[in-house]
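For reference, the structure is listed below as structure tokens.
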Ligand SMILES: NC(=O)c1ccc[n+]([C@@H]2O[C@H](COP(=O)([O-])OP(=O)(O)OC[C@H]3O[C@@H](n4cnc5c(N)ncnc54)[C@H](OP(=O)(O)O)[C@@H]3O)[C@@H](O)[C@H]2O)c1
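In my numbering, the protein residues as written are 55 to 415.
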């Protein structure tokens, strides 16, 4: 048996990655860091290969990950790979809070890696949006920039990447784009900021959307990222490499995305009757004026909407294309084309998550 330590197993991607790793290697055992055993009990329902999983109670925010000494000893004696997915993925956190989990938590995972008896591969699941406010072509090997970030989450993950590169002997960084559905069939099990923003626009609550000529939406599915992380995290082929798990060249132009989204929603007579217009695209300075006018004269709910969007929607007006050369070569195929799963994703959202809420409203 060989053992790994995996963090974030109760999360959207972590659970998927864990299942794939265990299915791919019958001799793999996983210690998984969980801070709440009841959440793990729910997340692990129906998870195969439970006999090869050892949940260990701990917290990324506590020194030594809060592990009991005997547990820490067992981890350090046995582990040869770490797959670190645990993170605070909320875009609106203040910087100190995002850093406490994402940056300092990664530092603590690296400390465990350094204590291990055998050489350890540290696979860090990051975000393509460490590129922050950069525009243009984002290379996979781009490690540094001075453009700043759209939110504290992006910054804390950028800082964590720098720690991984400087402190781990053997590392790989796997940067995921935004996950919007489980697979190309469009099922959505976990709602995120993109879905919430779409719902605000669907309900006509925001008249403007950040966007400029060349803006695209890069998005991926859980199954693409899960498969890629499971395949690459412990592979010798990616030692000391950064790989971008993104749609890249097959991201969807924002204008086209709005066209097909409005056309799709207009097929529902009840939505069509509401006559909700497509939002106007605005560059960042115009969008900032729009936000300011809401702060000055908007009611409380409009202010809430504007603040919710402010943490990530401006990314839409910072057009970028993510390089995926290394990912495509290693995985043998590019990520699914966004255009192909966007409509199924909209249908999945409307059917599974929105209509009951809209009816209740
Ligand atoms: N989903 C995406 O669109 C996306 C895109 C780019 C990158 N990523 C990256 O992929 C990774 C996984 O994302 P995800 O979407 O699966 O996230 P998620 O669903 O929000 O899950 C986050 C996981 O981190 C754990 N966690 C949070 N704070 C912790 C702490 N203090 N101590 C220990 N564990 C903690 C959570 O445990 P609890 O159950 O205890 O909360 C959960 O298991 C993250 O590193 C994220 O930055 C995700």
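In this text, a Cβ means the ideal position worked out from N, Cα and C, and glycines have one as well. All of these numbers come straight from a predicted model, not from anything done at the bench.
Check, Outcome
"Tell whether a beta-carbon distance below 9 Å holds between residue 116 and residue 91.", "no"
"Count the other CB atoms within 10 Å of the CB of residue 369; is the residue buried (16 or more) or exposed (fewer)?", "buried"
"Under a Cβ-count criterion, where at least 16 other Cβ atoms within 10 Å of its own Cβ denotes burial, should residue 415 be classed as buried or exposed?", "Any reading at residue 415 must be qualified, since the residue scores a pLDDT of 46, below 50, and its modelled position is unreliable; no value is offered."
"Can you list, in chain order, the stretches of the beta strand (DSSP E) that have 3 or more residues and sit fully within the stretch 176-212?", "190-192"
"Considering only C-alpha positions, which residue in the set 241, 399, 133 and 151 is nearest to residue 114?", "151"
"Curious, which full-length alpha helix (DSSP H) runs of at least 4 residues does the stretch 272-337 contain?", "276-286, 308-319 and 323-327"
"Hey, quick one: how far does the alpha helix (DSSP H) through residue 72 stretch, first residue to last?", "66-78"
"Should residue 121 go down as buried or exposed, given a rule of 16 or more other Cβ atoms within 10 Å for buried?", "buried"
"So what does residue 396 bridge to, in DSSP terms?", "DSSP lists no partner for residue 396."
"Give me the Cα-Cα distance between residue 319 and residue 325, rounded to the nearest whole angstrom.", "7 Å"
"Pull up the DSSP beta-bridge partners for residue 138, would you.", "61 and 178"
"Can you grab the Cα-Cα spacing for the pair residue 172 / residue 221, in whole Å?", "16 Å"
"Can you tell which of 135, 390 and 315 has its C-alpha closest to the C-alpha of residue 223?", "135"
"Among the residues of its own chain, which have a CB less than 7 Å from the CB of residue 402, if the five just before and after it don't count?", "235, 240, 241 and 242"
"Could you compute how far the alpha carbon of residue 364 sits from the alpha carbon of residue 270?", "18 Å"
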